[in-house]
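For the sequence shown, counting from 1, position 23 maps to 320 in my numbering; every step adds exactly one.
So the structure is just underneath, and the comments pick up after that.
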Amino acid sequence: MTQDSKNLLRRWTSFTAAALLLAISGLHVIWSQSTWPFESNAEFMQSLIGTSDVSRMPSAAEALVVAVGLMAAAWIVLASVDVVGWPFSRRLLYWCGYAVTAIFLVRGIAGLLLPLTNLTVSEPFARLNLAVYSPVTILLGASIFVSLSLRSKRT
């Protein structure tokens, strides 16, 4: 693979991953104030958390912490291809990027293994986790890994 091809693949995967991270971050900002697109707290909990116990509903602050974490992940991804600035060392950028990669891959794989555990999760979370949440999370982790791994040896 030529360096130009690697750079094109890096940029494409970085932009795609960052766009998805920012979209998911936006959902968490919305969820800090609303259960949209769900009609009730119970439906929200059953679809996104896997329980109907609304007493375990995430707080606005918890939703915003996740949103900020996702924004930070998007920043790291975009900084790795020099689209946005990074005020720290390149080495720290790549360590942070690989940490984000690991977080997404571990979450995605754990989600796929969830049916093999004794944990009970409600529908539709169980189905959505296998069909959407875990595969998207693994795809994000893999995309970030590709973006970081294909960098030129000079950076």
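Where a beta carbon is used, it is the ideal one built from N, C-alpha and C, also for glycine.
Computed from a predicted model, the values in this text were never measured in an experiment.
Based on Cα-Cα distance, which residue from the options lies nearest to residue i?
i    : options                   : result
T434 : A370, R307 and L447       : A370
L319 : V443, E420 and L361       : L361
V374 : F312, Q300, A439 and L306 : F312
Y430 : R353, L317 and L305       : L317
E359 : S329, W333, V380 and V381 : S329
V368 : E336, T299, G382 and I321 : Sequence check: residue 368 is Met here, not Val. Cα-wise, what sits closest to M368 is I321.
L445 : F385, A339, T299 and A396 : A396
N426 : L411, R307 and N415       : L411
Tell me where the alpha helix (DSSP H) around residue i begins and ends.
i    : result
P432 : S431 to S446
N304 : Q300 to W328
N338 : N338 to L345
L427 : From DSSP, L427 is part of no alpha helix (DSSP H); its letter is neither H nor E.
E420 : Looking at the DSSP string, E420 is not in any alpha helix (DSSP H), and its letter there is neither H nor E.
M368 : A357 to S377
T348 : Counting along the chain, T348 falls outside any alpha helix (DSSP H), and DSSP gives it neither H nor E.
V381 : Element bounds for V381: n/a, residue is neither H nor E.
R387 : R387 to L410
Report all residues from its chain with a CB closer than 6 Å to the CB of residue i; omit the five preceding and five following residues, and keep chain order.
i    : result
K303 : L447
T457 : Nothing in the structure corresponds to residue 457, since the chain is present only between 298 and 452.
A315 : A371, V374 and L375
Take residue i and list the residues in its own chain whose beta-carbon comes closer than 7 Å to its own, dropping the five residues that flank it on each side.
i    : result
T452 : Annotation note: pLDDT 48 at T452 (below 50); position unreliable, no value reported.
G366 : none
S349 : A339, M342, Q343 and S419
F335 : F341 and S344
Whose C-beta lies closer than 8 Å to the C-beta of residue i among residues of the same chain, with five residues either side of it excluded?
i    : result
V326 : A360, L361 and A364
A357 : S329 and Q330
C393 : I373
T332 : N338, E340 and F341
- Would you check if there are 3 or more beta carbon pairs closer than 8 Å linking the region 337–356 to the region 418–432? yes
- Flag this pair as touching only if the region 428–443 and the region 393–406 have three or more C-beta atom pairs under 8 Å; answer yes or no. yes
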